[in-house]
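**Q** So in the UniProt record's numbering, spot 148 of the sequence shown is number 148, and the numbers just go up one at a time.
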Amino acid sequence: MEKGNLVAGEIFFASISVVLASAVLFLPFLMAKTALQDAWISVLVGTAVAVPFVMISISLLLKFPEKSIIEILDELLGSIAGRIVGVVYAVTFLLSSALITRQLEEFMVISLMPETPAIAIRVLFMIVVYMGIYEGALPIVRTNVYVMPVGFIVICLVILLATPSMTVENITPVLEGGMMPVLEAAFLGFAWLCQIPLVLLVFFKYLNKDKLKPMLKYKGALTVVAVGVALLLGALSTMAIFGPQQTSTMYYPSFNMARIISIGGFLEHIEVIFVGVWIAAAYIATTLFGFMAIITITQIIGIGDYKKIVLPTTAALLVLPGFIIRDVSHLIFVLDSYFPITMIALGAAVPLILLLLAAAKKSGQPEDEQKTETSEQSATAE
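This is the structure:
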């Protein structure tokens, strides 16, 4: 991918789709399982915690506007440690792509096509993912500019049409179990939102620096808030319809909410639109994570043309979903345990450590070098 091909808004939109692709179906269930009717409070807490960490990631990237995450790691951690952490990022991106693919498989088999072998769905899905990765991130990111707003509209439409089935009693009493379950569920919401910095870390280098506007950090914060609002509406609506006990036993409460909509006996099967938009978002997220893995690998090993490893990477994605996830119960376990820790470590902790190292390094520079570096960063941000 050439530098300067992307603008900041496109990357923020892409990060929204990446989060919502996996959060819309599973996160309401996972959070309700822990916080019950207080899951919506957990969303608020997780969003509030995620905002400063996204701003931290952007602050780090603004210090190195022309460098990739691998180059930043090399400069701040040294070549050996930097490459090791870079490999961790690449593997995480690849596994995240495989994880979304597995979520798609399980959802399609359990809810829509129970007689269809999961491998058939995976093979067909991987064909289009291969095509998307091969053509590069630019077409996917720009297509997402149209898909993501449609997704938000569909979410709002489903919630609006399902309003008659909601009861306030299902989301009360508030804080019945105390704050600890709320904080545990907020950990999950925060982890999902930590995918936003991951997208920024990879694609920031390719932004058109002439179109980088001031207040970029605040636009990043607004992105987190937008995703948080979507998650909040999903948590409130599913809880208000099904209640905490039933929601905590449903793998796909959002999909089930769309299925129960019936207006006047003629407006039904809204779930078809819901599923169509979600599959599009899942495709975008899978393709972007796959591309992020490939770009990171090429930067680590020094390959100029990323297309040389698209085929073997896609072949790995064809095998990995069945290798890392045994069944839907195991999928839920991974999403509830390993996934949050990994996202927080790479999307929040590592950028914070790198920013602190960058600040420490800057404080040790001669004053003339600091002034030159500061003026270059100011010119880039403008």
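Think of the CB as a built atom: it goes at the ideal place given N, C-alpha and C, for glycine as much as any other residue. It should be emphasised that the depicted structure is a prediction, and the values quoted were computed from it without experimental measurement.
With DSSP as the reference, label Leu20 as helix, strand or coil.
**A** Along the sequence shown, one-based indexing puts residue 20 at 20. If DSSP states are grouped into helix, strand and coil, Leu20 belongs with the helices.
**Q** Can you give the Cα-Cα distance for Leu183 and Lys307, rounded to whole angstroms?
**A** Here the question's residue 183 lines up with position 183 in the sequence shown. Here the question's residue 307 lines up with position 307 in the sequence shown. If you take the alpha carbons of Leu183 and Lys307, they lie about 43 Å apart.
**Q** Can you tell me whether Lys362 is buried or exposed? The criterion is at least 16 other CB atoms within 10 Å of its CB, across all chains shown.
**A** Here residue 362 is taken as the residue at index 362 of the sequence shown, counted from 1. With fewer than 16 Cβ atoms within 10 Å of its Cβ, Lys362 is classed as exposed.
**Q** Under three-state DSSP, which class holds Met112?
**A** Position 112 of the sequence shown, counted from the start, is the residue given in the question as residue 112. According to the sequence displayed, residue 112 carries Leu and not Met. The answer is helix: DSSP assigns Leu112 an H, G or I state.
**Q** Please report how far the alpha carbon of Ala315 lies from the alpha carbon of Gly136, in whole angstroms.
**A** As a position in the sequence shown, residue 315 is number 315, starting the count at 1. As a position in the sequence shown, residue 136 is number 136, starting the count at 1. If you take the alpha carbons of Ala315 and Gly136, they lie about 17 Å apart.
**Q** With a threshold of 6 Å on Cβ separation, who are the neighbours of Gly189 within its own chain once the five nearest residues in sequence on each side are excluded?
**A** Counting from 1 along the sequence shown, the entry for residue 189 is found at position 189. In its chain, beyond the 5 residues on either side, Ser42, Val43, Gly46 have a beta carbon closer than 6 Å to the beta carbon of Gly189.
**Q** Out of curiosity, what's the CA-to-CA distance linking Val328 and Thr116?
**A** Numbered from its first residue, the sequence shown carries residue 328 at position 328. Numbered from its first residue, the sequence shown carries residue 116 at position 116. Cα-Cα distance, rounded: 16 Å.
**Q** When you compare the CB positions of Phe242 and Met148, do they come within less than 8 Å of one another, or not?
**A** Numbered from its first residue, the sequence shown carries residue 242 at position 242. Numbered from its first residue, the sequence shown carries residue 148 at position 148. Their beta carbons are not under 8 Å apart, which means Phe242 does not touch Met148 by this criterion.
**Q** Assess contact between the region 295–303 and the region 55–71, defined as three or more Cβ pairs (one per stretch) separated by less than 8 Å. Is contact present?
**A** yes
**Q** Can you list the alpha helix (DSSP H) stretches of 4 or more residues lying completely in the region 159–230, in chain order?
**A** 179–193, 195–203
**Q** At 4 residues or longer, what runs of the alpha helix (DSSP H) sit wholly inside the region 312–342?
**A** Here the runs fully enclosed are 328–336.
**Q** Note down the Cα distance separating Thr372 from Leu354, rounded to an integer number of angstroms.
**A** Taking the first residue of the sequence shown as position 1, residue 372 is located at position 372. Taking the first residue of the sequence shown as position 1, residue 354 is located at position 354. Any reading at Thr372 needs caution, since the residue's pLDDT is 49, under 50, leaving its predicted position unreliable; the model's value is listed next. Between Thr372 and Leu354, the C-alpha separation is close to 21 Å.
**Q** Looking only at C-alpha atoms, which of Arg142, Leu216, Met131, Thr223 sits nearest to Ala50?
**A** By one-based count along the sequence shown, residue 50 stands at place 50. The shortest C-alpha separation from Ala50 is found at Thr223.
**Q** With respect to the alpha helix (DSSP H) encompassing Tyr252, which residues constitute its N-terminal and C-terminal limits?
**A** On the sequence shown, residue 252 is found 252 positions in, with the first residue counted as 1. Looking at the DSSP string, Tyr252 is not in any alpha helix (DSSP H), and its letter there is neither H nor E.
**Q** For Leu232, which residues of its own chain have a beta-carbon under 7 Å away from its beta-carbon, when the five flanking residues on both sides are left out?
**A** Sequence index remark: in the sequence shown, residue 232 carries index 232 (1-based). If we look at Leu232 and ignore the five residues flanking it on each side, its Cβ neighbours are Trp40, Val43, Leu44.
**Q** In chain order, what are the residue ranges of uninterrupted alpha helix (DSSP H) at least 4 long that sit wholly in the region 47–127?
**A** 69–77, 79–107
**Q** Identify, in the order they occur along the chain, each residue of the same chain with its Cβ nearer than 7 Å to the Cβ of Ile344, setting aside the five sequence neighbours on each side.
**A** Working through the sequence shown from its first residue, we reach residue 344 at position 344. Within the same chain, Ile344 has close Cβ partners Phe190, Ala191, Cys194.
**Q** The alpha helix (DSSP H) spanning Gly290 covers which residue range?
**A** For the purposes of this step, residue 290 is taken as residue 290 along the sequence shown, with counting starting at 1. Where Gly290 is concerned, the enclosing alpha helix (DSSP H) stretches over 271–301.
**Q** Here's the rule: buried if 16 or more other CB atoms are within 10 angstroms of the residue's CB, otherwise exposed. What is Tyr146?
**A** Start at 1 with the first residue of the sequence shown, and residue 146 comes out as number 146. With fewer than 16 Cβ atoms within 10 Å of its Cβ, Tyr146 is classed as exposed.
**Q** What did DSSP end up calling Ala379 once you bin it into helix, strand or coil?
**A** Residue numbering aside, residue 379 sits at position 379 when the sequence shown is read from its first letter. Summary for Ala379: the model assigns pLDDT 46, below 50, so the residue's position carries little reliability; its value from the coordinates is reported in the next sentence. Three-state result, Ala379: helix.
**Q** To the nearest angstrom, how far is it from the Cα of Tyr251 to the Cα of Ile332?
**A** The sequence position of residue 251 within the sequence shown is 251, counting from 1. The sequence position of residue 332 within the sequence shown is 332, counting from 1. The straight-line gap from Cα to Cα measures roughly 9 Å.
**Q** For Leu353, does the three-state DSSP call read helix, strand or coil?
**A** In the sequence shown, residue 353 corresponds to position 353, counting from 1. For clarity, residue 353 is Ile in the given sequence; the question names Leu instead. Ile353: helix per DSSP, three-state reduction.
**Q** Taking the straight line between their C-alpha atoms, what separation do you get for Ser378 and Phe339?
**A** Locating residue 378 in the sequence shown gives position 378, counting from the first residue. Locating residue 339 in the sequence shown gives position 339, counting from the first residue. Since pLDDT at Ser378 reaches only 47, below the 50 mark, its modelled position is unreliable, and the value read off the structure follows with that caveat. Going from the Cα of Ser378 to the Cα of Phe339 covers about 36 Å.
**Q** State yes or no: is the C-beta of Phe203 within less than 8 Å of the C-beta of Leu6?
**A** Here residue 203 refers to the residue found at position 203 when the sequence shown is read from its first residue. Here residue 6 refers to the residue found at position 6 when the sequence shown is read from its first residue. The answer is yes: Cβ separation under 8 Å.
**Q** Applying the 10 Å Cβ sphere with the 16-neighbour rule, what's the burial state of Gln37?
**A** Taking the first residue of the sequence shown as position 1, residue 37 is located at position 37. That one is buried.
**Q** Pull the bridge partners of Leu6 from the DSSP assignment, please.
**A** Mapped onto the sequence shown, residue 6 falls at position 6. Paired residue(s): Leu207.
**Q** Hey, would you say Ser60 sits closer than 8 Å to Ala281, going by beta carbons?
**A** The sequence position of residue 60 within the sequence shown is 60, counting from 1. The sequence position of residue 281 within the sequence shown is 281, counting from 1. Before going on, a small fix: residue 60 reads as Leu here, not Ser. Taking 8 Å as the Cβ cut-off, Leu60 and Ala281 do not qualify as a contacting pair.
**Q** Considering Cα atoms alone, identify which of Met239, Met126, Ile153 is closest to Pro173.
**A** Along the sequence shown, one-based indexing puts residue 173 at 173. The shortest Cα separation from Pro173 among Met239, Met126, Ile153 belongs to Met239.
**Q** For Pro197, count neighbouring C-beta atoms within 10 Å of its own C-beta (all shown protein chains included) and say buried if the count is 16 or more, exposed if not.
**A** The count along the sequence shown starts at 1 and reaches residue 197 at position 197. Pro197 should be labelled buried.
**Q** I believe Ala258 touches Phe274 by the beta-carbon criterion, under 8 Å. Please report the beta-carbon distance rounded to the nearest angstrom.
**A** Taking the sequence shown and counting its residues from 1, the one referred to as residue 258 is at position 258. Taking the sequence shown and counting its residues from 1, the one referred to as residue 274 is at position 274. About 4 Å; that satisfies the 8 Å criterion.
**Q** With distances taken Cα to Cα, identify the nearest neighbour of residue 392 among Gly304, Val91, Glu75, Ile270.
**A** Given that the chain is displayed from residue 1 to residue 382, the structure contains no residue 392 and the question cannot be resolved.
**Q** Are there 16 or more other CB atoms within 10 angstroms of the CB of Ile16, so buried, or fewer, so exposed?
**A** For this step, residue 16 is matched to residue 16 along the sequence shown. Classified as buried, Ile16 has 16 or more neighbouring CB atoms from the shown chains inside 10 Å of its CB.
**Q** Can you look up Gly151 in the DSSP assignment and give me helix, strand or coil?
**A** Taking the sequence shown and counting its residues from 1, the one referred to as residue 151 is at position 151. DSSP places Gly151 in helix when its eight states are reduced to three.
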